[in-house]
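Numbering (full-length UniProt numbering), first residue to last: 1 to 603.
In this text, a Cβ means the ideal position worked out from N, Cα and C, and glycines have one as well.
All values derive from a computational prediction rather than experimental measurement.
Take a look at the structure below.
The following block contains the structure:
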């Protein structure tokens with residue numbers, strides 16, 4: 001039976017070593033042709049997938065942990081010529097980065113231009129605010145990468161094309177833009193004539209806090225700008241020509257740079273020579289950008305790299321040919337030796353009902369691969385060679401996107417457990433019932449789902465965040481020992497224990513510092529008084545609380561009010577706001593509440 005299953009996998013998905021297993025590949029169907037650009041995890045261990053389909057119609061899809069589609073949403077009416085480049089999980093929804101395409105004219109000619117925008121959306125895909133006044137340019141803009149910094153600010157990088165109507169020439173200028181968590185632009189910088197690169201494909205944060213924006217142009221090596229994250233000012237430039245490519249006079253393409261935990265760097269991409277040959281490129285660099293080893297392949301392009309445990313690195317290699325596919329290589333960081341390879345992609349077998357029909361044309365892997373912390377990786381992509389007979393596509397469309405789960409890949413090196421979750425709880429006796437409530441936090445703003453394990457007197461009693469348990473307080477005159485063990489999304493654990501005494505006092509335990517207790521519980525509009533009452537709750541350790549009301553669609557803050565940390569209700573004068581729907585968010589010590597509320601102003 002095992003041999004038959006293995007044979008079937010080999011026929012459908014290509015060569016696969018026994019240590020790894022493709023558990024499922026599921027399509028996410030829509031009416032139009034489409035391309036999946038990026039993937040991001042959700043708090044319930046599902047996924048959001050973003051991209052574009054024919055005529056550049058921007059879309060989002062929500063997928064559960066089994067790969068089944070929950071919903072898809074198109075934004076064609078809002079941005080008819082838009083595409084999503086990156087998705088980032090955020091405390092109250094998702095940050096989405098993309099570009100809105102439009103046209104402008106110079107003389108008798110019409111050119112394509114683009115304006116970058118940033119969306120903040122809720123868990124249903126509804127746009128809460130949009131920030132689109134980011135760059136002052138009429139050239140074609142490409143946002144190639146973006147990152148969220150520890151302070152919540154977002155950095156976007158890319159380049160735009162400047163056309164000269166007098167000389168009929170064009171040039172590229174690289175840029176970086178920084179916005180705060182509310183979508184307000186903090187700074188935007190252009191880097192013309194930088195001496196490094198006018199084609200930025202990636203941004204990362206160096207250990208010294210500076211940003212390193214890198215890219216590669218035809219005929220050159222890796223070029224980058226080191227800039228200050230608070231101002232965007234250029235600090236220095238770098239130009240690195242890989243020795244192995246210089247030796248064969250090869251051109252470097254699609255440079256991706258990733259930093260390992262020891263400060264060293266993995267450089268990946270592709271190359272081609274003047275004779276028309278080429279393939280994939282991979283190198284390991286020291287923290288000072290010195291080349292330690294290089295590997296040249298004869299086919300495909302190495303995309304992003306992911307640092308794995310045990311001094312390994314996972315390399316994503318896309319092969320764009322008539323038999324497009326994706327290879328996952330696990331390599332030794334110190335030597336570059338390959339431990340194993342997993343291949344996804346074979347032409348579909350006609351007239352079959354197979355669900356693993358794909359050819360692996362993968363796009364931006366900065367978010368295109370997601371690990372679940374249990375040794376599995378989820379990958380989103382699109383396929384182009386689907387046969388019309390496959391019943392997965394009854395409308396006869398030959399292209400779709402999919403999500404695949406591969407188990408046994410291993411776990412990446414993360415710093416999530418360096419800031420572990422914090423377990424805390426409240427407890428009380430009510431008649432003959434023990435009442436327990438977790439007030440724990442995950443300490444990972446973007447992934448804050450938690451698992452619970454309660455113990456009373458050393459006995460396991462349940463796994464809910466709110467728990468009641470039959471027990472008689474009088475039976476424990478010296479107090480009842482209670483223990484809570486929590487596990488966050490990535491497997492990081494913490495525990496706390498306390499003694500609950502019959503009089504209701506608790507000794508031990510940790511203080512309640514739960515961000516989840518930062519909420520607006522009720523909103524009561526009063527049209528006659530042109531005001532609104534809000535009931536709210538704050539962590540017991542909160543020192544400063546603020547309320548912000550902003551315009552949906554733009555993120556422009558219209559009203560702010562400082563709140564009392566001792567009270568739990570406030571009344572806000574909304575007489576200055578026109579009738580409509582607004583976003584309303586509570587901040588505790590500068591940290592936004594996990595959920596954004598909607599405020600309706602009625603006249």
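> The alpha helix (DSSP H) spanning residue 538 covers which residue range?
Replying inline: No alpha helix (DSSP H) contains residue 538, which DSSP labels as neither H nor E.
> Going by beta carbon distance, what residues of the same chain come within less than 7 Å of residue 600, once the five residues before and after it are set aside?
Replying inline: Correct list, in chain order: 525, 581.
>> Between which two residues does the alpha helix (DSSP H) holding residue 245 run?
In response: Element bounds for residue 245: 243-247.
>> Pull the bridge partners of residue 294 from the DSSP assignment, please.
In response: Per DSSP, the beta bridge partners of residue 294 are 283.
> What is the residue span of the beta strand (DSSP E) that residue 149 lies within?
Replying inline: For residue 149, no beta strand (DSSP E) run applies, since DSSP gives it neither H nor E.
>> If you follow the beta strand (DSSP E) that residue 481 is in, where does it begin and where does it stop?
In response: If you look at residue 481, you'll find it in the beta strand (DSSP E) that goes 480-488.
> Taking just the CA atoms, how far does residue 311 sit from residue 572?
Replying inline: Answer to the nearest angstrom: the Cα atoms are 56 Å apart.
> Between 313, 74, 226, 551, which lies nearest to residue 238 when the distance is taken from Cα to Cα?
Replying inline: Nearest option by C-alpha distance: 226.
>> So, with DSSP's three-state summary, where would you put residue 528?
In response: Helix.
>> With H, G and I counted as helix, E and B as strand and the rest as coil, what does DSSP make of residue 347?
In response: Reliability of the predicted coordinates at residue 347 is poor, the pLDDT of 39 falling under 50, and the value obtained from them is presented with this limitation in mind. In the three-state scheme derived from DSSP, where H, G and I count as helix and E and B as strand, residue 347 is classed as coil.
>> For residue 214 and residue 223, which I take to be in contact (beta-carbon distance under 8 Å), what is that distance rounded to the nearest angstrom?
In response: Residue 214 to residue 223, Cβ: 7 Å. Contact.
> Exposed or buried, residue 250, counting other C-beta atoms within 10 Å across all chains shown (16 or more means buried)?
Replying inline: Buried is the call here.
>> Using the three-state DSSP reduction, which class does residue 588 fall into: helix, strand or coil?
In response: In the displayed model, residue 588 falls within a strand according to three-state DSSP.
> Under the rule that 16 or more other beta-carbon atoms within 10 Å means buried, what is residue 567, buried or exposed?
Replying inline: With fewer than 16 other Cβ atoms within 10 Å, it is exposed.
> With a cut-off of 8 Å, do at least 3 Cβ pairs link the region 298-315 to the region 250-268?
Replying inline: As far as the Cβ criterion goes, the region 298-315 touches the region 250-268, which means the pair count is three or higher.
> Grouping DSSP H, G and I as helix and E and B as strand, with all else coil, what is residue 545?
Replying inline: DSSP places residue 545 in the strand class (E or B) of the three-state scheme.
>> I'd like the list of long-range same chain contacts for residue 472, defined as Cβ closer than 6 Å, with 5 residues on each side in sequence excluded.
In response: Counting only Cβ-Cβ distances below 6 Å, and skipping sequence neighbours, we find 432.
> Which term fits residue 245, buried or exposed, when burial requires 16 or more other beta carbons within 10 angstroms of its beta carbon?
Replying inline: Looking at its Cβ environment, which holds 16 or more other Cβ atoms inside 10 Å, residue 245 is buried.
> For residue 273 versus residue 298, is the C-beta distance shorter than 9 Å?
Replying inline: Between residue 273 and residue 298, the C-beta spacing is not below 9 Å.
>> So if DSSP puts residue 307 in a beta bridge, which residue, or which two residues, is it bridged to?
In response: Looking at the DSSP assignment, residue 307 forms a beta bridge with 313.
>> On the CB-based measure, 16 or more other CB atoms within 10 Å of its CB, does residue 602 come out buried or exposed?
In response: It counts as exposed.
> Taking C-beta to C-beta, are residue 618 and residue 486 nearer than 9 Å?
Replying inline: The structure shown does not extend to residue 618, since the chain is modelled only from 1 to 603, so the question has no answer here.
> Looking only at C-alpha atoms, which of 200, 191, 207, 252 sits nearest to residue 234?
Replying inline: Comparing Cα positions, the closest option is 191.
> beta strand (DSSP E) containing residue 236: first to last residue?
Replying inline: According to the DSSP assignment, residue 236 belongs to the beta strand (DSSP E) that extends over 234-240.
> Whole-angstrom Cβ separation of residue 331 and residue 315, contact assumed at under 8 Å?
Replying inline: Residue 331 to residue 315, Cβ: 6 Å. Contact.
>> I need the DSSP call for residue 569, collapsed to helix, strand or coil.
In response: Reduced to three states, the DSSP call for residue 569 is strand.
>> Am I right that residue 493 and residue 67 are in contact with their C-beta atoms under 8 Å? What's the rounded C-beta distance?
In response: That pair is no contact at about 28 Å.
>> Out of 454, 549, 505, 476, which one is the CA nearest neighbour of residue 604?
In response: Beyond the ends of the chain as shown, which are 1 and 603, falls residue 604; an answer cannot be given.
>> Spatial neighbours of residue 569 within its chain, please: C-beta separation below 6 Å, excluding the five flanking residues on both sides.
In response: The residues are 535.
> Opposite residue 453 in the DSSP bridges: which residues?
Replying inline: Looking at the DSSP output, residue 453 sits in a beta bridge with 485.
>> Rounding to the nearest angstrom, what Cα-Cα distance links residue 589 and residue 542 in this structure?
In response: Note on geometry: alpha-carbon atoms of residue 589 and residue 542 lie some 6 Å from one another.
> Would DSSP call residue 475 helix, strand or coil?
Replying inline: DSSP places residue 475 in helix when its eight states are reduced to three.
> Going by beta carbon distance, what residues of the same chain come within less than 6 Å of residue 483, once the five residues before and after it are set aside?
Replying inline: Listed in chain order, the non-local C-beta contacts of residue 483 below 6 Å within the same chain comprise 455, 497, local neighbours out to five positions each way being set aside.
> Where do the ends of the beta strand (DSSP E) carrying residue 224 lie?
Replying inline: DSSP places residue 224 inside the beta strand (DSSP E), whose first and last residues are 222-227.
> Any Cβ of chain D within less than 9 Å of the Cβ of residue 305?
Replying inline: Looking for chain D here will not work: only one protein chain is present.
>> Going by the DSSP bridge assignment, what does residue 494 pair with across the sheet?
In response: The partner list for residue 494 (beta bridge, DSSP) reads 486.
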